[in-house]
Amino acid sequence: MSHLHLDHAGGLEHFFGTNTEIWCHEDELKNAFWSSATGHDDGLFRPDYLRADILNWKTVSGEKLQLWEGVILHRCRGHTEGSLVLELTFLNSGTVVMTGDLFHVKENYEDGQPQGFLMRDYNEWFRSRDYVKRLIKQTNARVCLGHEGSYFDKFEKSPRFLD
1 MSHLHLDHAG
11 GLEHFFGTNT
21 EIWCHEDELK
31 NAFWSSATGH
41 DDGLFRPDYL
51 RADILNWKTV
61 SGEKLQLWEG
71 VILHRCRGHT
81 EGSLVLELTF
91 LNSGTVVMTG
101 DLFHVKENYE
111 DGQPQGFLMR
121 DYNEWFRSRD
131 YVKRLIKQTN
141 ARVCLGHEGS
151 YFDKFEKSPR
161 FLD
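Following UniProt numbering, the numbering of the sequence shown begins with 1 at its first residue and continues without gaps.
Structure below.
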């Protein structure tokens, strides 16, 4: 999961009691559970889906992790403490970087406008933005932003796919 705000992790109740592995960054899980338990960021992290007793949580740590060939996670702080950006490299379609909510909309990505109240650490966000912009340039990647329809429209639609 890119992060554990309700618009990305809401719906986890469908996995209650299934033993399905739910993966996120270790620091994201710690922060989300703390926020949920204390009421800090109420509305962004909710106790109704952040359940330790009936979900099978798994975490990654560190700044960069290659899960499999062509699948790399990059920790990119700023929006949340443990936000993850996903780099996917396809044999024929090239590289795609999925930014999650590091960049909600094109103004965040293109113009460097921070997200306002959704931002947890401005300095880290700017560092992460620079890091992801370099990654995209180095890999000649296409970009998928967290909530930007005009960027979604640039990708193949079913029944077509990336390969």
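By construction, the Cβ of each residue, glycine as well, lies at the ideal position given by its N, Cα and C atoms.
On a predicted model such as this, the values are computed, not experimentally measured, just so you know.
- Annotation for residue 155: no beta strand (DSSP E) segment contains it, and DSSP assigns it neither H nor E.
- Residue environment for residue 66: exposed (fewer than 16 other C-beta atoms within 10 angstroms of its C-beta).
- No residue range can be given for residue 69, since it is assigned to no alpha helix (DSSP H) and is classified by DSSP as neither H nor E.
- For residue 27, the CB contacts under 7 angstroms within the same chain, skipping 5 residues up- and downstream, are 81 and 82 in chain order.
- A distance of 8 angstroms or more separates the beta carbons of residue 62 and residue 85.
- Apart from the 5 residues on each side of it in sequence, residue 89 sits with its Cβ closer than 6 angstroms to the Cβ of 70 and 95 in its chain, given in chain order.
- Relative to the Cα of residue 52, the nearest Cα in the group 68, 17, 148 and 157 belongs to 17.
- Counting the other CB atoms within 10 Å of its CB gives residue 123 a total below 16, which places it among the exposed residues.
- Straight-line measurement puts the Cα of residue 41 at about 28 angstroms from the Cα of residue 143.
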